[in-house]
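**Student:** The sequence shown begins at 122 in the working numbering and counts up by one. Have a look at this one.
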Amino acid sequence: MAEIKWVKIPIDIFSNERIKFIESKNDGDTIIITLLKMITHIKIIDTNGSIGLKLSDDLVKVLGLSMDNMYNYIEILRYLKIISIKDNVIIVSSEFFKIDNECMLHDILDYNKRMYILQRDHYTCAYCGALNSFEVDHIFPKSRGGSDHESNLTTSCKHCNSSKKDRTVEEWNNGKV
Ligand SMILES: [Zn+2]
Numbered sequence: 122m123a124e125i126k127w128v129k130i131p132i133d134i135f136s137n138e139r140i141k142f143i144e145s146k147n148d149g150d151t152i153i154i155t156l157l158k159m160i161t162h163i164k165i166i167d168t169n170g171s172i173g174l175k176l177s178d179d180l181v182k183v184l185g186l187s188m189d190n191m192y193n194y195i196e197i198l199r200y201l202k203i204i205s206i207k208d209n210v211i212i213v214s215s216e217f218f219k220i221d222n223e224c225m226l227h228d229i230l231d232y233n234k235r236m237y238i239l240q241r242d243h244y245t246c247a248y249c250g251a252l253n254s255f256e257v258d259h260i261f262p263k264s265r266g267g268s269d270h271e272s273n274l275t276t277s278c279k280h281c282n283s284s285k286k287d288r289t290v291e292e293w294n295n296g297k298v
């Protein structure tokens, strides 16, 4: 899976009221460095394209903190809704950073979605039932305004996909008869 090499941080991050609030606290600077470290260690986690980092023992090393401080800081960041935690994954709010290479992000999301569709359909062609099918087809053609939503995507074998082209299922079946 592709790695994230760059992130963009908004130039007004230190004007943010919640960041200012952290700065006013005793450990403020350390907490902000912790947040920046979290941002630089984001990884793609799930098929929905959520980005975050796993809450694990390893994280203590990554963040260079004691366990106590780490959980303390995580609590503060979470309380301020700068981060959220879901299934043991820390997700930093996207208002504090952007992935620099948005095309790459889209590629990753597309890849994740494609894998999701194939797994959902058990690699079986929706049109002819062929097993070991690895293509994803827009049921209502994308070229005619069909959505990228998973409800409009289905697994297809190579043969059906190239035979159907940019037709609807009905048009395609009529053409075959
Ligand atoms: Zn097929």
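For glycine and all other residues, C-beta sits at the position ideal for the given N, C-alpha and C.
Where residue 141 and residue 200 are concerned, what is the direct C-alpha to C-alpha distance, given to the nearest angstrom?
**Tutor:** 14 Å
**Student:** Should residue 173 and residue 128 be called a contact, given that it needs their Cβ atoms to be closer than 8 Å?
**Tutor:** Not in contact: residue 173 and residue 128 (Cβ atoms no closer than 8 Å).
**Student:** Where residue 175 and residue 164 are concerned, what is the direct C-alpha to C-alpha distance, given to the nearest angstrom?
**Tutor:** Annotation: residue 175 to residue 164 spans about 8 Å, alpha carbon to alpha carbon.
**Student:** Is residue 289 helix, strand or coil when you go by DSSP?
**Tutor:** coil
**Student:** Decide yes or no for the touch test of the stretch 213-221 against the stretch 232-240: beta carbon pairs closer than 8 Å, at least 3 of them.
**Tutor:** no
**Student:** Going by DSSP in three states, residue 254 sits in which element: helix, strand or coil?
**Tutor:** coil
**Student:** Determine the burial state of residue 285: buried for a count of at least 16 other Cβ atoms within 10 Å of its Cβ, exposed for fewer.
**Tutor:** Buried, because 16 or more other Cβ atoms sit within 10 Å of the Cβ of residue 285.
**Student:** From the DSSP output, read off the bridge partner residues of residue 174.
**Tutor:** 211
**Student:** Could you tell me the alpha carbon to alpha carbon distance between residue 275 and residue 294, rounded to whole angstroms?
**Tutor:** 17 Å
**Student:** Rounding to the nearest angstrom, what Cα-Cα distance links residue 195 and residue 132 in this structure?
**Tutor:** 23 Å
**Student:** Are there three or more Cβ pairs, one per stretch, closer than 8 Å when the stretch 245-252 is compared with the stretch 140-159?
**Tutor:** Pairwise C-beta distances place the stretch 245-252 out of contact with the stretch 140-159, as fewer than three of them are shorter than 8 Å.
**Student:** Among residues of its own chain, excluding the 5 on either side of residue 167, which ones have a beta-carbon nearer than 7 Å to its beta-carbon?
**Tutor:** Its pLDDT being 49, under 50, residue 167 is placed unreliably in this model, and the value from its coordinates should be taken loosely. Same-chain partners within the cutoff: there are none.
**Student:** Give me the Cα-Cα distance between residue 282 and residue 204, rounded to the nearest whole angstrom.
**Tutor:** About 42 Å.
**Student:** Between which two residues does the beta strand (DSSP E) carrying residue 275 extend?
**Tutor:** 274-277
**Student:** State yes or no: is the C-beta of residue 283 nearer than 7 Å to some heavy atom of ligand 1?
**Tutor:** no
**Student:** Along the chain, where does the alpha helix (DSSP H) containing residue 201 start, and where does it finish?
**Tutor:** No alpha helix (DSSP H) contains residue 201, which DSSP labels as neither H nor E.
**Student:** Give a yes or no on whether the C-beta atoms belonging to residue 143 and residue 206 are separated by under 8 Å.
**Tutor:** no
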